[in-house]
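For reference, the structure is listed below as structure tokens.
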DNA sequence: GCCAACGTTGGC
DNA sequence: GCCAACGTTGGC
């Protein structure tokens, strides 16, 4: 899950305890949101500034409709911060890893919610020092 | 600040 | 229903 830190950063999520992931207006991203279940984990990525994965959050509420959408067509989830990465993983590192060349974060850089596959997850975790 | 990628819009 | 024009996003 990507966010611009000057709009909503990892620290903001930590201080609030729980955050609603809404405002997504892209169908692919929406599908990814809709596929999430309670307990699923997600990386928190800082876009525009930082350009790195900084932490892991966990879905606390899934399958809700976006409160910012008057038509109720778009999806949203709520997430809680789980842990901060021992070493943040930068976009540069992700791009430099051939095994991650096909991940949505690289392929569809404009996607605000990108899918991370199980093997990609463990690769990034080991890069993060977990 | 620039540009590539992508989505949306509107004329036909 | 196609496609050119335009707007937005995000990395550089």
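Numbering (full-length UniProt numbering), first residue to last: 1 to 130. The beta-carbon is built from N, C-alpha and C at its ideal position, and this holds for glycine as well.
inquiry  = Quick check for students: name the residue ranges of the beta strand (DSSP E) that lie wholly in the segment 26-91, counting only runs of 3 or more.
reply    = 41-46, 52-65 and 75-90
ask   = Just the Cα atoms here: how many angstroms apart are residue 3 and residue 45?
value = 6 Å
ask   = How big is the Cα-Cα spacing for residue 68 and residue 23?
value = 6 Å
inquiry  = Measuring only the C-alpha atoms, how far is residue 5 from residue 36?
reply    = 23 Å
inquiry  = To the nearest angstrom, how far is the alpha carbon of residue 33 from that of residue 76?
reply    = 6 Å
query = Can you list, in chain order, the residues of its chain whose CB lies under 7 Å from that of residue 87, leaving out five sequence neighbours each side?
reply = 128 and 129
request  = Give the straight-line distance between the Cα atoms of residue 17 and residue 65, rounded to the nearest whole angstrom.
outcome  = 20 Å
query = Using CA coordinates, which residue listed in 96, 91 and 118 is at the minimum distance from residue 105?
reply = 91
message = Rounded to whole angstroms, what is the Cα-Cα separation between residue 55 and residue 25?
response = 24 Å
key: Proximal residues to residue 47 (C-beta, below 7 Å), its chain only, five neighbours per side dropped   = 2, 3 and 4
message = My output table needs one value for residue 109: the three-state DSSP class, helix, strand or coil.
response = coil
ask   = Alpha carbon to alpha carbon, what distance is there between residue 71 and residue 107?
value = 30 Å
inquiry  = The alpha helix (DSSP H) that contains residue 125, what's its start and end?
reply    = 118-127
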